[in-house]
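S.K.: Chains as they are written, first to last, in my numbering: chain A, 1 to 361; chain B, 1 to 288. All C-beta atoms, glycine included, are put in the ideal place defined by N, C-alpha and C. The structure displayed is predicted, hence computed values, not measured ones.
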Amino acid sequence: MSATATRLGLAAMVVAALFFLFALPRFAELYVLNDITVYAAMATLALSLALVWGFGGILSLGQSVFFGIGGYAYAVAAINMGESTVPVLLGVALPMAAAALLGYFMFYGRVSDVYLAVITLTVSLIFYHVMVATSGGLTGGQIKIGSAALGGYNGIPGLPVVNLPGDPAAQLDFEGMYYFAVGTLFLVYFGVRWLLTTRFGRVAVAIRENERRAELLGYDARLYKLGVYVVGAGIAGLAGVLYANWGGFISPVVFNIFFTAQVIVWVMVGGLGTLVGPMVAAVALQYVVTELGAAATSEIKASATILGVRFDARDFLDSNVVLGVVFIVFTLFVPKGVAPYVQEKLAPWFARRRADGRAAP
Amino acid sequence: MDYALVVLIQVAYAIASLALISVGLAIIFGMMRVINFAHGEFLMLGGFATIIAVHQGANLWVAMFAVAPLTVGLFGIVVERLIIRPLYGRMIETVLATWGLSLLMIGVASVAIGYYREGVATPLGSFAIGIYRESGYTLFIIAVSALVLLAVFALLRFTRFGLIARATMQNPGMAASLGVNTRRVYALTFFVGSALSGLAGGLIAPLTSIVPNVGTAYIAKAFITVIGGGAVALAGTLSASALFGTVSQIVAFLATPIIGEVALLIAAIALLRLLPEGITGRYFRRSL
Numbered sequence: 001m002s003a004t005a006t007r008l009g010l011a012a013m014v015v016a017a018l019f020f021l022f023a024l025p026r027f028a029e030l031y032v033l034n035d036i037t038v039y040a041a042m043a044t045l046a047l048s049l050a051l052v053w054g055f056g057g058i059l060s061l062g063q064s065v066f067f068g069i070g071g072y073a074y075a076v077a078a079i080n081m082g083e084s085t086v087p088v089l090l091g092v093a094l095p096m097a098a099a100a101l102l103g104y105f106m107f108y109g110r111v112s113d114v115y116l117a118v119i120t121l122t123v124s125l126i127f128y129h130v131m132v133a134t135s136g137g138l139t140g141g142q143i144k145i146g147s148a149a150l151g152g153y154n155g156i157p158g159l160p161v162v163n164l165p166g167d168p169a170a171q172l173d174f175e176g177m178y179y180f181a182v183g184t185l186f187l188v189y190f191g192v193r194w195l196l197t198t199r200f201g202r203v204a205v206a207i208r209e210n211e212r213r214a215e216l217l218g219y220d221a222r223l224y225k226l227g228v229y230v231v232g233a234g235i236a237g238l239a240g241v242l243y244a245n246w247g248g249f250i251s252p253v254v255f256n257i258f259f260t261a262q263v264i265v266w267v268m269v270g271g272l273g274t275l276v277g278p279m280v281a282a283v284a285l286q287y288v289v290t291e292l293g294a295a296a297t298s299e300i301k302a303s304a305t306i307l308g309v310r311f312d313a314r315d316f317l318d319s320n321v322v323l324g325v326v327f328i329v330f331t332l333f334v335p336k337g338v339a340p341y342v343q344e345k346l347a348p349w350f351a352r353r354r355a356d357g358r359a360a361p
Numbered sequence: 001m002d003y004a005l006v007v008l009i010q011v012a013y014a015i016a017s018l019a020l021i022s023v024g025l026a027i028i029f030g031m032m033r034v035i036n037f038a039h040g041e042f043l044m045l046g047g048f049a050t051i052i053a054v055h056q057g058a059n060l061w062v063a064m065f066a067v068a069p070l071t072v073g074l075f076g077i078v079v080e081r082l083i084i085r086p087l088y089g090r091m092i093e094t095v096l097a098t099w100g101l102s103l104l105m106i107g108v109a110s111v112a113i114g115y116y117r118e119g120v121a122t123p124l125g126s127f128a129i130g131i132y133r134e135s136g137y138t139l140f141i142i143a144v145s146a147l148v149l150l151a152v153f154a155l156l157r158f159t160r161f162g163l164i165a166r167a168t169m170q171n172p173g174m175a176a177s178l179g180v181n182t183r184r185v186y187a188l189t190f191f192v193g194s195a196l197s198g199l200a201g202g203l204i205a206p207l208t209s210i211v212p213n214v215g216t217a218y219i220a221k222a223f224i225t226v227i228g229g230g231a232v233a234l235a236g237t238l239s240a241s242a243l244f245g246t247v248s249q250i251v252a253f254l255a256t257p258i259i260g261e262v263a264l265l266i267a268a269i270a271l272l273r274l275l276p277e278g279i280t281g282r283y284f285r286r287s288l
């Protein structure tokens, strides 16, 4: 991408940030702001994988595990402490610690891309089984950490919402949560953008491009990959904190295969190697999935008997069907995702404009 | 003494069931370098094929050993043609596309079959070991698992198809220049792997309630077993199942089954730190 396009993109994002933080809340309804709050949490999660996969070249299929750890860490700490500053920090630090531990084994063991992908996904699935079992199956009784019962499949409801640092009574209202979530999203976005311009970010991208060459130039690829992975985990954890705050609730659903699959789809559809693409895709697809809901719980719409077997069709557009089709179609036909596709289409336009500009005076 | 026997049977059962749910995945991965993320849903399809066939009046054993493997095997051929074939040699893309297939299958099954289909009863009753009771089906699974591994070994080692398949996996270009239709070999290998997944699905149908997302309960274990085993399909499955099955079952006895599963995962991650290419990356490299 040319320097002009980069500057234009940055300017557009600054305008978007100003719009969402200062203009929109003045005229939007409260429920719209509340919806945007959860979309901001999801977009933050998308950013974490956009960084780890798109720029670090690490296919972390179980990225939402850090989202879940962040959410649970916040939930347990907030219930026990009755105050939110330390829990928020824990919600970032604990996923980073978990990523450092898991990443050490994977990167220093030099397991291959595909093995890494499968291991990260498996970790997420096992977390799901374990958290579901915290209501009894794990040790034979309800598991509590301090005064917070983990609650198995039902999760932890009624979480205390974030308060102003140092003042537990000053809890954020819906509007405050909106500012907190959207502000965090843009802060993370500009932070990641900055990170990618630093030496660390450039080396990480170089390793994605050609790991062996980067190592021959003297960079320890294992360490840089671990670094990117840990930073990504921190961002995902922060997204989990936002999510837990939005609903006042966290449950093992965040560890299940559907949840972690949709994060991959966001990045794949939005475009590998971009940041805005996955953010926008997260919002768009999250919207579609929320609208569709789950077919399993809906009413039977039609029945057919094929070869003597009765099949009941519920809502045909089950969210799994939609995600699955998007997944397959993009892998086979649009492997680069939408944002790079648009960039490719726009690049000649920029080039033409520059040429015109040079010719005109 | 009786207790020791029960523990022994349970450990053997853990190993056998791990091998059974992983062998289809391992064959496809070992022979074709494709990780089939829809493996869990292949199990689900085998399970549904079995219970639906039984409810249609078929004999349980016919449903398990014929209907389930054939249904899933034929389905596998279609999948290979439509989704896997355009992506050969691109492992990451195959992972993503088959994961999409996995979600699609869960979705379609939820829409068309639903979560409330009646299952089948566990056959073969139970028998007494001292004061303990053990299910006959447990022993049956152990025996079937051993037979399946033997049959796969014989197929790869002694038949013409096995020879051609192994040659194709070793050097597709050379095999093709010797007149082998490599596309057909890939399709057939995928058929065999899928059929074995279908068989495994049929065999678990009497043990668990088959629902559209039942696969997610098994794939974590199957993936770990295949990756821990490494690229050599049979020796990998066998050695990894033996190791992980023993670890998880013993921990399950000492604590709970869920903690056993966690121990399995931790053992696998520690193993991969030492042997990044799995057990067969260093040992049994020349076996099947």
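Roughly how many angstroms lie between the CA atoms of Ile365/A and Val262/B, to the nearest whole one?
M.R.: This structure leaves residue 365/A out entirely; chain A is present only between 1 and 361.
S.K.: What whole-angstrom Cβ distance do Pro212/B and Ile106/B have, given they're in contact under 8 Å?
M.R.: On the second sequence, position 212 is the one that residue 212/B refers to. On the second sequence, position 106 is the one that residue 106/B refers to. Sure, about 5 Å apart at Cβ, within 8 Å.
S.K.: Measuring only the C-alpha atoms, how far is Tyr283/B from Leu265/B?
M.R.: By one-based count along the second sequence, residue 283/B stands at place 283. By one-based count along the second sequence, residue 265/B stands at place 265. In a straight line, the C-alpha of Tyr283/B is about 21 Å away from that of Leu265/B.
S.K.: At the 7 Å Cβ level, is Val289/A part of the contact set with chain E, yes or no?
M.R.: In the structure shown, chain E cannot be found, because the protein chains are A and B.
S.K.: What residues in the segment 131-154 of chain B have a beta carbon less than 7 Å from any beta carbon of chain A?
M.R.: Correct list: empty, as no residue qualifies.
S.K.: Out of Ala267/B, Leu288/B, Leu8/B and Pro257/B, point me to the one whose CA is closest to Thr134/A's CA.
M.R.: Along the first sequence, one-based indexing puts residue 134/A at 134. Among Ala267/B, Leu288/B, Leu8/B and Pro257/B, the Cα nearest to that of Thr134/A belongs to Pro257/B.
S.K.: Mind listing which residues of the segment 108-124 of chain A have their C-beta closer than 8 Å to chain B's C-betas, in chain order?
M.R.: For the segment 108-124 of chain A, which is checked against every Cβ of chain B, the residues closer than 8 Å are Tyr108, Gly109, Arg110, Val111, Ser112, Asp113, Val114, Tyr115, Ala117, Val118, Ile119, Leu121, Thr122 and Val123.
S.K.: Label Val247/B either buried or exposed according to how many other C-beta atoms from any shown protein chain fall within 10 Å of its C-beta, with 16 as the threshold for buried.
M.R.: In the second sequence, counting from the first residue as 1, residue 247/B sits at position 247. So Val247/B ends up on the buried side.
S.K.: For Asp220/A and chain B, any beta-carbon pair shorter than 7 Å?
M.R.: Reading the first sequence from its first residue, position 220 is the one you call residue 220/A. So no, Asp220/A is outside the interface.
S.K.: Could you name the residues of the same chain whose beta carbon sits closer than 6 Å to that of Tyr178/A, not counting the 5 residues immediately before and after it, in chain order?
M.R.: Translated into the one-based positions of the first sequence, residue 178/A becomes position 178. Within the same chain, Tyr178/A has close Cβ partners Leu33 and Thr37.
S.K.: Cα-Cα, which of Gly40/B, Thr71/B and Ala19/B is closest to Leu150/B?
M.R.: Here residue 150/B refers to the residue found at position 150 when the second sequence is read from its first residue. That would be Ala19/B, whose Cα lies nearest to the Cα of Leu150/B.
S.K.: Return the residues of the segment 196-209 of chain B that lie within a Cβ-Cβ distance of less than 9 Å from chain A, sorted by chain order.
M.R.: Answer in chain order: no residues at all.
S.K.: Show which residues of chain B have a CB atom less than 8 Å away from the CB atom of Leu324/A.
M.R.: On the first sequence, residue 324/A is found 324 positions in, with the first residue counted as 1. The sequence shown places Gly at residue 324/A, rather than the Leu named in the question. Gly100, Leu101, Ser102, Leu103, Leu104, Met105, Ile106 and Gly107, listed in chain order.
S.K.: In the DSSP assignment, what are the bridge partners of Ala149/A?
M.R.: The count along the first sequence starts at 1 and reaches residue 149/A at position 149. Partner(s): Lys144/A.
S.K.: Between Phe223/B and chain A, is there a C-beta pair that is closer than 7 Å?
M.R.: Counting from 1 along the second sequence, the entry for residue 223/B is found at position 223. At least one chain A Cβ lies under 7 Å of Phe223/B.
S.K.: With a CB to CB cut of under 6 Å and the five nearest residues on each side skipped, what residues in its chain are close to Pro69/B?
M.R.: By one-based count along the second sequence, residue 69/B stands at place 69. Excluding positions up to five away in sequence, the list reads Ala195, Gly198 and Leu199.
S.K.: Kindly indicate which three-state DSSP category Phe327/A falls into: helix, strand or coil?
M.R.: Against the first sequence, residue 327/A aligns to sequence position 327. Helix.
S.K.: Cα separation between Ile269/B and Ala255/B?
M.R.: Here residue 269/B refers to the residue found at position 269 of the second sequence. Here residue 255/B refers to the residue found at position 255 of the second sequence. Cα-Cα distance, rounded: 20 Å.
S.K.: Met131/A: which of Pro335/A, Ala149/A and Val118/A sits nearest, CA to CA?
M.R.: Within the first sequence, numbered from 1, the residue matching residue 131/A stands at position 131. When each option's Cα is compared against that of Met131/A, the closest is Ala149/A.
S.K.: Where does Gln171/A sit, in a helix, a strand or coil, going by DSSP?
M.R.: Here the question's residue 171/A lines up with position 171 in the first sequence. Strand, per DSSP.
S.K.: Report the rounded CA-to-CA distance for Ala66/B versus Ile9/B, giving the unit in angstroms.
M.R.: Position 66 of the second sequence holds residue 66/B. Position 9 of the second sequence holds residue 9/B. When rounded, the distance between both Cα atoms is 27 Å.
S.K.: Take every Cβ of the segment 11-31 of chain A, pair it with every Cβ of the segment 206-224 of chain A, and state whether three or more of those distances are shorter than 8 Å.
M.R.: Touching, no.
S.K.: Quick check: the Cα distance between Tyr287/A and Phe67/A, rounded to an integer number of angstroms?
M.R.: Taking the first sequence and counting its residues from 1, one reaches residue 287/A at position 287. Taking the first sequence and counting its residues from 1, one reaches residue 67/A at position 67. The straight-line gap from Cα to Cα measures roughly 19 Å.
S.K.: Rounded to the nearest angstrom, what separates Ala296/A and Val254/A at their Cα positions?
M.R.: By one-based count along the first sequence, residue 296/A stands at place 296. By one-based count along the first sequence, residue 254/A stands at place 254. Caution applies to Ala296/A, whose pLDDT of 45 falls short of 50 and renders its modelled position unreliable; the value that the coordinates give is listed next. About 19 Å.
S.K.: Is the segment 169-186 of chain A close to the segment 112-119 of chain A, with three or more CB pairs under 8 Å?
M.R.: Output reads no: the segment 112-119 of chain A does not touch the segment 169-186 of chain A.
S.K.: Check this for me: beta carbons of Leu24/B and Gly193/B, under 7 Å apart or not?
M.R.: Residue 24/B sits at position 24 when you count from the first residue of the second sequence. Residue 193/B sits at position 193 when you count from the first residue of the second sequence. It is Gly, not Leu, that sits at residue 24/B in the sequence shown. Yes, these two residues count as a Cβ contact at 7 Å.
S.K.: Could you tell me whether the Cβ of Asn210/A comes closer than 7 Å to any Cβ of chain B?
M.R.: The residue given as residue 210/A occupies position 210 in the first sequence. No, Asn210/A lies away from the interface with chain B (no Cβ there is under 7 Å from its Cβ).
S.K.: What are the start and end residues of the beta strand (DSSP E) that includes Arg213/A?
M.R.: Taking the first sequence and counting its residues from 1, the one referred to as residue 213/A is at position 213. Per DSSP, Arg213/A belongs to no beta strand (DSSP E); it is in the alpha helix (DSSP H), Glu211 to Leu216.
S.K.: Opposite Arg133/B in the DSSP bridges: which residues?
M.R.: The residue given as residue 133/B occupies position 133 in the second sequence. Paired residues: Ala128/B.
S.K.: Suppose the cutoff is 7 Å on Cβ atoms and the five residues either side in sequence are ignored; what does the same chain contact list for Ile142/B look like?
M.R.: For the purposes of this step, residue 142/B is identified with residue 142 of the second sequence, where counting begins at 1. Within the same chain, Ile142/B has close Cβ partners Ala12, Tyr13 and Ala16.
S.K.: Spell out the partners DSSP gives Asn163/A in its beta bridges.
M.R.: Numbered from its first residue, the first sequence carries residue 163/A at position 163. Gln171/A.
S.K.: Skipping 5 residues on each side, what residues in its chain have a beta carbon closer than 6 Å to that of Met96/A?
M.R.: Along the first sequence, read from residue 1 onward, the residue named residue 96/A stands at position 96. Same-chain partners within the cutoff: Val230, Ala233 and Gly234.
S.K.: Could you run through the segment 76-110 of chain A and flag, in chain order, every residue whose CB is less than 9 Å away from some CB of chain B?
M.R.: Those would be Leu102, Tyr104, Phe105, Met106, Tyr108, Gly109 and Arg110, in chain order.
S.K.: Cα-Cα, which of Phe223/B, Val62/B, Ala38/B and Val251/B is closest to Gly76/B?
M.R.: Sequence index remark: in the second sequence, residue 76/B carries index 76 (1-based). Closest by alpha carbon: Ala38/B.
S.K.: Of all the CB atoms in chain B, is at least one closer than 7 Å to the CB of Tyr341/A?
M.R.: On the first sequence, position 341 is the one that residue 341/A refers to. For Tyr341/A, the answer is no, since every Cβ of chain B falls outside 7 Å of its Cβ.
S.K.: For Thr44/A and Gly201/B, I'd like the C-alpha separation in whole angstroms.
M.R.: Position 44 of the first sequence, counted from the first residue, corresponds to residue 44/A. Position 201 of the second sequence, counted from the first residue, corresponds to residue 201/B. Rounded to whole angstroms, Thr44/A to Gly201/B spans 38 Å at the Cα level.
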